[in-house]
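**Q** Have a look at the structure that comes next, please.
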C-alpha cells in the first residue's frame, strides 16, 4: 500500500511539474510589446507564392499571429477556430495569419495547402518563414511548438505559448476565448 501511495504522489508531482513548466514557457512578444515587421512567403492566402509582410499590411487592425513549428492535428484545430473568429469579426477588420518556422519552406507547402483545404480555412493565410528560429525581434522560444499573439492598435494584448504536446482542446478553447 505504501508503494502505491508513493507512486501516486510521484505521478501527481510529475503532472504538477509539467503543468508548471508549460505555464512558465515564455515565447514571443509579451503584452504591450510592439510587433515589428517581418517577411513571410504566403502559401494559401490571397498572395500565394509571394513574399510579403502581413504585419505591415494589417497595420493597427486586430490581428492574431500564430507561429508554429509544425502543422499537426491540434494546431490545425486551433487555426480553424481562429479562422472562424476572424470570419465572425470581419466588420471589425480582424485578421490573422499563421507562420510555420522552418529551415525548409518548400517542404511545408503541400502540408499547408492540404490543411487549408481540409479545414476549410478561408480567412487566415498560412505562411512560411525561412528560419526555424523565427523573426529575431519576436523572441520565439525554441521550446515553443506554438506561440499565439494578438495585437490591437499596434500593441500585443494576448500571448500564449505551448510546448510540443501541450496544445490541448482546453488550451485551444482558452486561446480562442482570449482572441475573440
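Residue numbers (the working numbering): 45 to 224. Backbone N, C-alpha and C define an ideal beta-carbon position, used for all residues, glycine too.
(1) By Cβ distance, which residues of its chain are closer than 7 Å to residue 102, with the 5 residues on each side in sequence left out?
(2) Report buried or exposed for residue 176, applying the criterion of at least 16 other Cβ atoms within 10 angstroms of its Cβ.
(3) Just the Cα atoms here: how many angstroms apart are residue 120 and residue 92?
(4) For the region 129-180, list the beta strand (DSSP E) runs that are entirely contained and at least 3 residues long, ordered along the chain.
(5) For residue 221, which of helix, strand or coil comes out of DSSP?
(6) Name the DSSP beta bridge partners of residue 95, please?
(7) Can you tell me where the beta strand (DSSP E) with residue 212 in it begins and where it stops?
(8) Who are the near neighbours of residue 207 in its chain, counting only those whose CB is closer than 7 Å to its CB and skipping five residues on each side?
**A** To lay it out plainly:
(1) On the chain shown, residue 102 is found 58 positions in, with the first residue counted as 1. The residues are 139.
(2) The residue you call residue 176 lines up with position 132 of the chain shown. Exposed, because fewer than 16 other Cβ atoms sit within 10 Å of the Cβ of residue 176.
(3) Counting from one through the chain shown, the residue named residue 120 turns up at place 76. Counting from one through the chain shown, the residue named residue 92 turns up at place 48. So the two alpha carbons sit approximately 19 Å from each other.
(4) 139-146, 170-174
(5) Residue 221 sits at position 177 when you count from the first residue of the chain shown. Residue 221: helix per DSSP, three-state reduction.
(6) Here residue 95 refers to the residue found at position 51 of the chain shown. Residue 95 pairs with 85.
(7) Here residue 212 is taken as the residue at index 168 of the chain shown, counted from 1. No beta strand (DSSP E) contains residue 212, which DSSP labels as neither H nor E.
(8) Stepping through the chain shown from its first residue, residue 207 is reached at position 163. Closer than 7 Å at the Cβ level, and outside the excluded window around residue 207, lie 66, 69, 187, 188, 189.
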